[in-house]
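*Asks:* Numbering (the working numbering), first residue to last: 4 to 306.
Beta carbons: idealized from backbone N, C-alpha and C, even for Gly.
This is the structure I have questions about; it appears just below.
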Amino acid sequence: MRDFDAIPVFVAVAEAGSFAGAGRKLGVTKSAVSKRIGQLEAQLGVKLFTRSTRAMTLTEAGERYRAHAALALEAGKQAEDAATALQDSPAGRLQILAPMSFGRLHIAPLMAGFLLEFPDIEADLALDDRHLDLVEQGFDVAVRAGQLHSPTLITRKLTDLHSVLCASPEYLASHAPPRAPADLDKHNCLHFAHASDAHHWSFRKPGEPTVRVETRGSYQTSNSEALMDAVLGGLGIARLPTFIAGPAIAQGQLHHLLSDFEMPSQPLSVIYPERRYLPVKVRAFTDFIVEHLGTDHPEWDRF
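See below:
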């Protein structure tokens with residue numbers, strides 16, 4: 004029987020691509036990670052990583068080991084779940100994943116209240132816009148935007164996320180506001196780089212066909228809050244989620260353009276891996292988030 008405590012270390016290195024990155028995630032030194040991987044390779048009699056000055060990549064043996072290591076981690080979590088399901092109150096470490104901007108603006112402010120209500124829980128909130136694999140990455144629960152079609156995930160819908168077209172009063176003082184989607188070809192359109200339709204914006208009036216236009220501009224960014232900063236600075240027009248732009252529109256810092264058109268929306272959900280025994284801490288968090296964010300009319304849409 005092998006020593007299984009190296010599996011989380013191996014998975015962390017495979018995800019981070021370096022000993023240093025894995026050490027930061029695990030809260031241990033780079034040398035400790037390197038030593039543990041060396042011991043694991045010696046036990047197995049194979050090289051799991053190809054090392055270079057720039058990066059570490061998995062060997063063929065490493066790829067095979069990773070597939071089974073992920074299953075082993077999940078089996079361990081299932082065992083923990085079976086034991087902790089008997090807890091009378093939520094306790095233990097809770098690994099949470101949320102989108103970067105939404106998480107910072109709307110999840111992070113709730114965490115103090117959640118942890119004060121459940122003092123035996125220790126929470127680790129990761130903010131990342133990538134659609135990471137919850138099981139492989141070791142997350143207990145996530146808040147995620149978009150349609151989800153996974154038989155291994157349980158989904159509880161919170162609300163719908165809407166986007167609107169925005170510009171600042173300063174920009175509109177020197178540029179005529181668009182009256183129709185086609186007018187956007189006369190404007191500096193700013194883009195969210197991570198969107199699948201970053202440069203192609205869709206508009207629809209009730210009962211009419213969807214209009215899709217290609218947009219161009221001088222700036223794009225992978226962060227929605229940074230995008231709004233550029234709009235507030237008068238650089239151009241952008242498509243922004245209302246959970247970011249809503250308060251600025253309500254306060255007159257931004258103007259909602261083409262307001263008689265709708266832009267595509269997407270559901271926001273809290274999700275967690277399907278398990279035979281749902282940990283009490285996961286149920287506590289999902290119920291808490293549904294209570295605070297589950298609504299058809301979120302406050303950021305009230306402008």
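1. Which same chain residues, not among the five before or five after A129, have their C-beta less than 6 Å away from its C-beta?
2. Along the alpha helix (DSSP H) that carries R27, what are the first and last residues, could you check?
3. Under the rule that 16 or more other beta-carbon atoms within 10 Å means buried, what is D8, buried or exposed?
4. Taking its Cβ as the centre, do 16 or more other Cβ atoms sit within 10 Å of G65, making it buried, or is it exposed?
5. According to DSSP, is D136 part of a helix, a strand, or is it coil?
6. Can you name the residues that DSSP bridges to S166?
7. Scan the segment 159-242 and note each continuous alpha helix (DSSP H) run of 4 residues or more that stays entirely inside, going in chain order.
8. Among H259, L76, L51, whose alpha-carbon lies nearest the alpha-carbon of P11?
9. If I follow the unbroken beta strand (DSSP E) through T60, where does it start and stop?
10. Just the C-alpha distance for G30 and F264, rounded to the nearest angstrom, thanks.
11. Would you grab the beta carbon distance between F105 and F246 for me? Rounded to a whole angstrom, and I think it's under 8 Å.
12. Let me see if you follow: with CB-CB separation under 8 Å, is M266 close to chain C or not?
13. Would you give the residue range spanned by the beta strand (DSSP E) that A145 belongs to?
14. Just to confirm, is the Cβ distance from F13 to A72 under 8 Å?
15. If you follow the beta strand (DSSP E) that I124 is in, where does it begin and where does it stop?
16. Within its chain, find whatever has a CB closer than 8 Å to the CB of Q140; leave out the 5 residues flanking it on each side and keep chain order.
17. For G41, is the classification buried or exposed, using 16 other Cβ atoms within 10 angstroms of its Cβ as the cut-off for buried?
18. So the candidates are F117, K50, K38, S166; which of them puts its Cα closest to the Cα of D304?
19. Helix, strand or coil for E265? Go by DSSP, reduced to three states.
20. Could you please give me the residues that DSSP links to Q98 through a beta bridge?
21. Round the Cβ separation of P276 and L156 to the nearest angstrom and send it over; I've been treating them as touching at under 8 Å.
22. Could you check what DSSP says for G259 in three-state terms: helix, strand or coil?
23. Determine the burial state of R182: buried for a count of at least 16 other Cβ atoms within 10 Å of its Cβ, exposed for fewer.
24. So what's S153 in DSSP terms, helix, strand or just coil?
25. What are the start and end residues of the beta strand (DSSP E) that includes F52?
26. Is DSSP giving V285 helix, strand or coil here?
27. Hey, could you find the ends of the alpha helix (DSSP H) E1 is sitting in?
28. Going by beta carbon distance, what residues of the same chain come within less than 8 Å of S92, once the five residues before and after it are set aside?
*Replies:* Well, looking at it:
1. Scanning its chain for C-beta atoms nearer than 6 Å, with the 5 sequence neighbours on each side dropped, one finds around A129 the residues L100, in chain order.
2. Where R27 is concerned, the enclosing alpha helix (DSSP H) stretches over 22-29.
3. Exposed.
4. G65 is buried by the Cβ-count criterion.
5. D136 falls in the coil class under three-state DSSP.
6. In the DSSP output, where bridge partners are listed per residue, S166 has P244.
7. The segment 159-242 is shown to contain whole alpha helix (DSSP H) runs of 4 or more residues at 172-177, 227-235, in chain order.
8. The shortest C-alpha separation from P11 is found at L76.
9. Here the beta strand (DSSP E) through T60 covers 59-61.
10. Near 49 Å, if we compare the C-alpha coordinates of F264 and G30.
11. That pair is a contact at about 6 Å.
12. Absent here is chain C; the protein component of the structure consists of one chain.
13. DSSP places A145 inside the beta strand (DSSP E), whose first and last residues are 144-148.
14. A Cβ-Cβ contact shorter than 8 Å links F13 with A72.
15. From DSSP, the beta strand (DSSP E) with I124 extends over 124-130.
16. Same-chain partners within the cutoff: E18, L100.
17. Per the 10 Å Cβ criterion, exposed.
18. Nearest of F117, K50, K38, S166 to D304, Cα basis: S166.
19. DSSP places E265 in strand when its eight states are reduced to three.
20. Per DSSP, D127.
21. P276 to L156, Cβ: 6 Å. Contact.
22. The question names Gly, but residue 259 is His in the sequence shown. Of the three classes helix, strand and coil, the one that applies to H259 here is strand, per DSSP.
23. Around the CB of R182, fewer than 16 other CB atoms lie within 10 Å, so the residue is classed as exposed.
24. In the structure shown, S153 sits in coil (DSSP, three-state: anything other than H, G, I, E or B).
25. Note, F52: beta strand (DSSP E), 52-54.
26. In the three-state scheme derived from DSSP, where H, G and I count as helix and E and B as strand, V285 is classed as helix.
27. Nothing can be reported for residue 1, as the shown portion of the chain is limited to 4 through 306.
28. Cβ within range, chain order: F121, D123, V283.
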